[in-house]
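Novice:
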Amino acid sequence: MTISDFERLFPDEGACRTYLFVRRFAGGVHCPRCNNAQVYASKARPWHWQCMKCGPKPRSPYRFALTTGTIFEESKKPLLMWFKVLHLMVTSKKGISALQIHRMLGTGSYQTAWYMCMRLRAGMKDPDFRKLMGIIEVDETYMGGLDKNRHYDKKKHVRGTGAKIPVIGAISRKGNVVCKMIENADMPTLHRFVHEIVDKEKVSLVATDEHSGYQYLTRWQGLPHETVNHRQGEYVRGVVHTNNMESFWSLLKRGVLGTYHHVSKKYLPLYLAEFQFRFNNRKEADIFGKAIGGC
Ligand SMILES: [Zn+2]
Numbered sequence: 020m021t022i023s024d025f026e027r028l029f030p031d032e033g034a035c036r037t038y039l040f041v042r043r044f045a046g047g048v049h050c051p052r053c054n055n056a057q058v059y060a061s062k063a064r065p066w067h068w069q070c071m072k073c074g075p076k077p078r079s080p081y082r083f084a085l086t087t088g089t090i091f092e093e094s095k096k097p098l099l100m101w102f103k104v105l106h107l108m109v110t111s112k113k114g115i116s117a118l119q120i121h122r123m124l125g126t127g128s129y130q131t132a133w134y135m136c137m138r139l140r141a142g143m144k145d146p147d148f149r150k151l152m153g154i155i156e157v158d159e160t161y162m163g164g165l166d167k168n169r170h171y172d173k174k175k176h177v178r179g180t181g182a183k184i185p186v187i188g189a190i191s192r193k194g195n196v197v198c199k200m201i202e203n204a205d206m207p208t209l210h211r212f213v214h215e216i217v218d219k220e221k222v223s224l225v226a227t228d229e230h231s232g233y234q235y236l237t238r239w240q241g242l243p244h245e246t247v248n249h250r251q252g253e254y255v256r257g258v259v260h261t262n263n264m265e266s267f268w269s270l271l272k273r274g275v276l277g278t279y280h281h282v283s284k285k286y287l288p289l290y291l292a293e294f295q296f297r298f299n300n301r302k303e304a305d306i307f308g309k310a311i312g313g314c
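Okay, structure coming up:
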């Protein structure tokens, strides 16, 4: 969807409301609190309904709006603004910074743009995660810039990888990626991650590098596991390699470091969700609609 497609689809606030209404309530309006479908449209306020079943007292209704239970609920910003921000986020391959969004859309303040981006990232967490199958690559990386490039007051004054945050990821050769921030890349953590993301019935190969944390995937988890030895200059041995995972890491790093410059541990999981979402939906024609579905 190009910017002009977007503008044609969403000319005004009413179009956004209608769109959200159809996405949420195509099968009929239901109460977001008790899921009851017997709700009554408010006569006084458009896009508001009342549920008689879960009100605070008998005969006193629970009132809800189109945005109740979505990330737009508490916001004073119009849906059109949210939609524009989301559209920019899902269509920018390497992400887009809050500062750039603020400049492009005039969000009032930079803080508002930043807050909106963060809420939207939270909406991109994949709700229907299906375990990976076939040939799966697993690899870990470290996020965070070099300490010497940081401002003095932002320096962590830690040498080596200590200042960086470990992230683990897996990708199936069919192309779905899962990544996650971890406390450290030790064996129990790596094993737990593999256990969580692999479909044991449908995996044909788990490919990793020689990192000792991946040892015993066969013995302990019964997985078909092969490694390439990067330290000895071996990167590909037949189907055994982690090249797809490494491409995702470089996309992620170029994005996070190039667009956002640095990212703190507190917010890294949200950036990972954003990159994972965009990557896994790169062939999805309606990536915007899919993202709205999670909001
Ligand atoms: Zn209810």
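Residues in the sequence shown are numbered consecutively from 20, following this note's numbering. Built from N, CA and C at the ideal position, the CB exists for glycine as well.
Could you compute how far the alpha carbon of GLU159 sits from the alpha carbon of THR278?
Specialist: Their backbone Cα atoms lie some 22 Å apart in a straight line.
Novice: Can you tell me which of LEU270, PHE267, ASP228 and LYS272 puts its alpha carbon nearest to the alpha carbon of GLU253?
Specialist: Ranking LEU270, PHE267, ASP228 and LYS272 by Cα distance to GLU253 puts ASP228 first.
Novice: I need the straight-line Cα distance from LYS62 to SER94, nearest angstrom please.
Specialist: Near 23 Å, if we compare the C-alpha coordinates of SER94 and LYS62.
Novice: For a quick check, are the C-beta atoms of PRO243 and LEU224 less than 8 Å apart?
Specialist: Yes, the Cβ-Cβ distance between PRO243 and LEU224 is below 8 Å.
Novice: Tell me whether the beta-carbon of TYR233 lies closer than 8 Å to the beta-carbon of LEU209.
Specialist: In this structure, LEU209 lies closer than 8 Å to TYR233 by Cβ.
Novice: Pull up the DSSP beta-bridge partners for ILE154, would you.
Specialist: Answer by DSSP bridge pairing, in chain order: LEU224.
Novice: Starting from the Cα of ARG78, find the closest Cα among MET108, CYS70 and TYR290 and give me that residue.
Specialist: Comparing Cα-Cα distances from ARG78 to each of MET108, CYS70 and TYR290, the minimum goes to CYS70.
Novice: Assuming ALA56 contacts HIS67 (C-beta within less than 8 Å), just tell me the rounded distance between them.
Specialist: ALA56 to HIS67, Cβ: 16 Å. No contact.
Novice: Please tell me whether, using a cut-off of 7 Å, the distance from the CB of ASN300 to the nearest non-hydrogen atom of ligand 1 is below it.
Specialist: Result no, Cβ not under 7 Å from ligand 1.
Novice: Let's see if you can read the secondary structure: which residues bound the alpha helix (DSSP H) around THR237?
Specialist: Where THR237 is concerned, the enclosing alpha helix (DSSP H) stretches over 236-240.
Novice: What is the rounded straight-line gap between the Cα of THR246 and the Cα of TRP101?
Specialist: So the alpha carbons of these two residues sit roughly 45 Å apart.
Novice: Would you give the residue range spanned by the alpha helix (DSSP H) that MET117 belongs to?
Specialist: This sequence places Ala at residue 117; Met is not what is there. Taken as a continuous stretch (DSSP letters only), the alpha helix (DSSP H) holding ALA117 covers 117-124.
Novice: Which full runs of the alpha helix (DSSP H) of 4+ residues lie inside the region 40-127, going along the chain?
Specialist: Entirely contained in the region 40-127, the alpha helix (DSSP H) runs reaching 4 residues are, in chain order, 98-110 and 117-124.
Novice: Grab the span of the beta strand (DSSP E) containing LYS21 for me, first residue to last.
Specialist: Inspection of the sequence shows that residue 21 is occupied by Thr rather than by Lys. Counting along the chain, THR21 falls outside any beta strand (DSSP E), and DSSP gives it neither H nor E.
Novice: Could you give the C-beta distance for ALA310 and LEU105, rounded to a whole number, given that I count them as a contact under 8 Å?
Specialist: Right, their Cβ atoms sit about 6 Å apart.
Novice: Our contact map puts VAL259 next to VAL213 with C-beta atoms below 8 Å; I'd like the distance itself, whole angstroms only.
Specialist: 16 Å between Cβ atoms; not a contact.
Novice: Kindly give me the distance between the Cβ atoms of CYS35 and PHE29, rounded to whole angstroms, as I take these residues to be in contact under 8 Å.
Specialist: Yes, CYS35 and PHE29 are in contact; Cβ-Cβ is about 5 Å, under 8 Å.
Novice: Just reading off the alpha helix (DSSP H) that ALA132 is part of, what are its end residues?
Specialist: Where ALA132 is concerned, the enclosing alpha helix (DSSP H) stretches over 129-142.
Novice: In three-state terms, what does DSSP make of GLY188?
Specialist: If DSSP states are grouped into helix, strand and coil, GLY188 belongs with the strands.
Novice: Can you check DSSP and say which residues form a bridge with TYR161?
Specialist: TYR161 is bridged to PRO185.
Novice: Assign GLY312 to one of two classes, buried (16 or more other C-beta atoms within 10 Å of its C-beta) or exposed (fewer than that).
Specialist: So GLY312 counts as exposed.
Novice: Measuring alpha carbon to alpha carbon, tell me which of ARG82, LEU107, ILE201 and LYS76 ends up nearest ARG64.
Specialist: Nearest option by C-alpha distance: ARG82.
Novice: So ARG211 and LYS113 are supposed to be a Cβ contact under 8 Å. How far apart are they, rounded?
Specialist: So it is not a contact: roughly 30 Å between Cβ atoms.
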